[in-house]
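Accompanying notes for the structure given below.
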Amino acid sequence: MSYTNEELGELIKPTKLHRKIYTDPEIFDLEMERIWGQSWIYIGHESQVKAPGDYITLNYGKMPVVMVRDKESRVHVLHNRCGHKGAKLVDMPCGSVSAFRCCYHGWTYKLDGKLTTVPHPTGYDGTGFDKNDPQYSMVPVTSASHRGFIFATMNPNPVELKTWLGGAGEVLDNLCDRSPEGEVEAAGGVLRYEHDCNWKLFLENLNDTMHPMIVHRSVVDSALEYIKTLPDDADEAREEAQIIPPFGASYKKFEETGITGFPFGHHYDGGKQSIHADYSVDPEYEQAMIAAYGIERTREIFTFNTHNTLYYPSITIKSAIQNIRVVRPIAYNKTIIETWSFRLKGAPESLLQRTLLYSRLINANGSMVGPDDLTAYVRVQEGLQSSGNDWVEIHRNFGQDVDQGDRLTNTGTSDLDMRTQYAAWKQYMTTEVRL
Amino acid sequence: MSIVIRSVEDLREIEGLLYEEASCLDRGDLDGWIQLYTDDATYWMPVKEDQEDPINHISLFYDNRVMMEIRRLNYTHPRAPSKEYRARSSHIISNIRVTDRCREGCDLTVTSNFHCLMHYHNKQTMFGGTYTHDLVRIDDQLKIRHKKVVLINCDAPLGTIIIYL
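Residue numbers (the numbering used here), protein chains in the order written: chain A, -11 to 423; chain B, 6 to 170.
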C-alpha cells in the first residue's frame, strides 16, 4: 500500500505512536526521502579533509556522496556518481586524490566535481552531448559548516543551518568552546556498530532516562563490587570508576537534569547537571582555559553540562565528553551507529585519551553498556511485530511541557524528547519532496 | 627468567596455555580465564589492522585488570540484558609461531591465527584473525601479560562482541 499524507499523520498521536513506523519498509523508504531529504544531515568534520584532494565517502540516506577539499581549500559535498554510466567514482572510506577518475571509462572530474575529460570524444560530435552541461559533472549537494561540522541537505529550499540548529546549537558551540583555541578536530578513529533495529529506536534512547537504572544496573553493580574489593589506599578516582557508576543514578537525579526540546526535532538532557558533571578537571587544561577565556567564562563553559544532544535525525553529541554518534540508516531494521572522538585543540592529550576511554567503555561493540542498550532496541524491534497492540505509548508528563519561547522544557524523566522528535517526524513526513 | 625454547616440550607448554585460554572462553568461564593473565595484563582488540596505539586511538577492546574484573563480574550478572543469551563458541588456533624477541617486561611473543565460530542471540558469526600473546613466566607458571586480537574485518561495521575472543 502507499500512504497518503493524512494516513502518515495518523501514525503519530500526542501520547502514542503506531508500530508501523518501525516495522514497515515502505515507511523507511519514505523517511529517507522526506526526513533525510529535507533535514540537514551530518556529513563529517572538516578536519577529516585537511589538505586539498582529501576526501571521505559515506551514504547520505541511501545515496553515495563524497566530501572533498578542493585546490582553493573549499569543502564540497558531491554526489559520488559518474555522470556517464553512474559508477561510484571513489569507493574507499577516505583518501586523497588529485582528481576523480572513473574506474570504468576514465571520465575525469576536478575536485569541485566539474567534468574535465571524456576519453575519445569524437564519438560525441554532433550527438547533442555537451561536456560542460552540469548534469554530467558530479552534482553538488548543498552544504554548510558550523564551526567545522559539515552538514548537507538535499532540500532545494532549506532553512539556514544556523536557524535549523537554533537554541540547540549552543551545545555544539560548547563542545568547541571547551578547546582553549575554540576549535576541535576529529581524532582517534571511528567505531562502526551494526544495530539490528530501526534508526529511531537509537534516537529514542538518547534522553530516555528511565532506562539506565534498569538496563545498565549490571555494569554499575559489577564496577561497584569491584571497587569494594580494592584496598583502602587504592586510587578510587580512576577514570573507569568515574565513568561507569553514574549510569546507575537514581530517578530523582535524572529528573533534576531536565529535558529541553527545540524546533526541528532537536533536544538534550542536562544543562546545569548531567551524569558527566562530576568528572575531575585536569589542572593543566583548566589553566589553559582560564588563560584563553578568563575565569568567569571558563566556569560558564564547564558548568554547561548536557548529557546527550540530538540534532534530528543524524547526529548526537556529548559536549562534555567530546564524542559524537552518527546515525546511518540501512533498512527499516538495520542501522549503523558511528562513534567519532574529537581533540580539543590546545588542550592536553589526556583529554582526547579520556574521550577515547569513554567511547570504548560505553559505545564500543565490546563494551558493557552499548550492547545492553542494543539488546533492548532489538527486543522492541521484534516485539513490535505483534499486532496485539498497534501503539507505543509516550504519556510521561504529557501536557506539562513548559514553553520557554524558543524551547520547551520538562522534567528529565518526561517523554518531552519523544514528543519533540515525533513532532518533527510528522512535519517532515507529511511534506512531499522530489529527490 | 627468560623462556628459552629448547625442545618440543616447551612448544607444547605454550600451545597448552593458548588452548586452555580458548577453552575457558568457549566455556564462558571468565573466572578461569582471568587466572591465566598477570595482574598487570592487558587485552587489546584494535579497530585498525596496523593500529599502533590503544590509548590515542579507539579500539574495540582495551582492558586492563580493572576492566577484566568488572567484565568477569558482569558476564554472569543476572540482570545484564545482553548476557541473557549464552554465547557458545568454538575456537581453533593454528599457525603458532614463536618469536624469540624479548620485549620489555615480556619474555616471549607468540603469534597465531585463529577462527572463532560463535553462536549468540540466534545468530552465528565467524570471527577470524591473528593473536599475539606476550607471555611471561611467574613462579614456574607461564602467564599472559598482553594479548592482542586483530580481526580480519576489524575496521568493518561489526555487531556486538559479547565476550573476549
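Virtual Cβ for every residue (Gly too), placed ideally from N, Cα, C.
Small disclaimer: the values here were computed from a predicted structure and weren't measured.
- The residues E381, I382, H383, F386, in chain order, have a CB closer than 7 Å to that of T3(A) in the same chain once the five nearest residues on each side in sequence are set aside.
- Under the three-state reduction of DSSP, M356(A) is assigned to coil, being neither helix nor strand.
- At a beta-carbon threshold of 8 Å, none of the residues of chain B lie near G25(A); the nearest stands roughly 24 Å away.
- Beta bridge pairing from DSSP links Q146(B) with I143(B).
- DSSP places G177(A) outside any alpha helix (DSSP H); the residue lies instead in the beta strand (DSSP E), whose first and last residues are 172 to 183.
- The C-beta separation of L103(A) from A87(A) comes to about 10 Å, leaving the pair out of contact by the 8 Å criterion.
- Sequence-distant partners of Y97(A) (beyond 5 residues in either direction) whose C-beta falls short of 6 Å from its own C-beta, in its chain, are F88, L103, M126.
- Contacts with chain B at 8 Å (Cβ-Cβ) include E337(A).
- I167(B) and P359(A) do touch by the CB rule: their CB atoms are close to 6 Å apart, below 8 Å.
- In this structure, the beta-carbon distance from L179(A) to V172(A) does not fall below 8 Å.
- If you draw a 10 Å sphere on the C-beta of M72(B), you find 16 or more other C-beta atoms in it, and that means buried.
- Taking C-beta separations shorter than 6 Å and ignoring five residues to either side along the sequence, the partners of K153(B) in its chain run W49, T137, following chain order.
- For G(-3)(A), the uninterrupted alpha helix (DSSP H) run begins and ends at -7 to -2, by DSSP.
- Taking 8 Å as the CB threshold, N158(B) stays off the interface with chain A.
- Within chain B, no residue has its CB atom less than 7 Å from the CB of E173(A), the nearest being about 13 Å off.
- Contacts with chain B at 8 Å (Cβ-Cβ) do not include R342(A).
- Considering only beta carbons, the part of the stretch 322 to 335 of chain A lying closer than 8 Å to chain B consists of I324, T327, S329, in chain order.
- When 7 Å is used as the limit between beta carbons, N353(A) is near these residues of chain B: L65, L163, G164, T165, I166, in chain order.
- If you look at K322(A), you'll find it in the beta strand (DSSP E) that goes 322 to 332.
- Taking each of G164(B), N158(B), A161(B), I143(B) in turn and checking the Cα distance to A46(B), the smallest one comes out for I143(B).
- A distance below 8 Å separates the beta carbons of Y300(A) and F252(A).
- By the criterion of at least three beta-carbon pairs nearer than 8 Å, the stretch 191 to 209 of chain A is in contact with the stretch 228 to 242 of chain A.
- It is roughly 8 Å from the alpha-carbon of I19(B) to the alpha-carbon of L147(B).
- Counting along the chain, the unbroken alpha helix (DSSP H) around S206(A) starts and ends at 205 to 216.
- Using a CB distance below 9 Å, the part of the stretch 78 to 108 of chain B facing chain A consists of L78, N79, Y80, H82, P83, R84, A85, P86, S87, K88, E89, Y90, ordered along the chain.
- For chain B, the residues of the stretch 353 to 371 of chain A that bring a beta carbon within less than 7 Å of one of its beta carbons are N353, G354, M356, P359, D360, L362, T363, A364, in chain order.
- Listed by position along chain B, the residues whose Cβ is nearer than 7 Å to that of D209(A) are H82.
- Within its own chain, the residues whose Cβ lies closer than 8 Å to the Cβ of N79(B), once the five positions on either side in sequence are excluded, are A85, K88, listed in chain order.
- For V71(B), the enclosing alpha helix (DSSP H) has its first and last residue at 70 to 80.
- Out of R395(A), Y346(A), I31(A), the CA that lies nearest to the CA of Y43(A) is found in I31(A).
- Under the 8 Å criterion on CB atoms, G136(A) is classed as non-interfacial with respect to chain B.
- The stretch 12 to 23 of chain A makes contact with the stretch 304 to 322 of chain A; the number of CB pairs closer than 8 Å reaches 3 or more.
- Counting only Cβ-Cβ distances below 8 Å, I60(B) has contacts in chain A at Q341, L344, in chain order.
- Rounded to the nearest whole angstrom, the CA to CA distance from L30(B) to V103(B) is 22 Å.
- For V314(A), the beta-bridge partners assigned by DSSP are I303(A), E326(A).
- The C-alpha of D257(A) is placed about 28 Å away from the C-alpha of E337(A).
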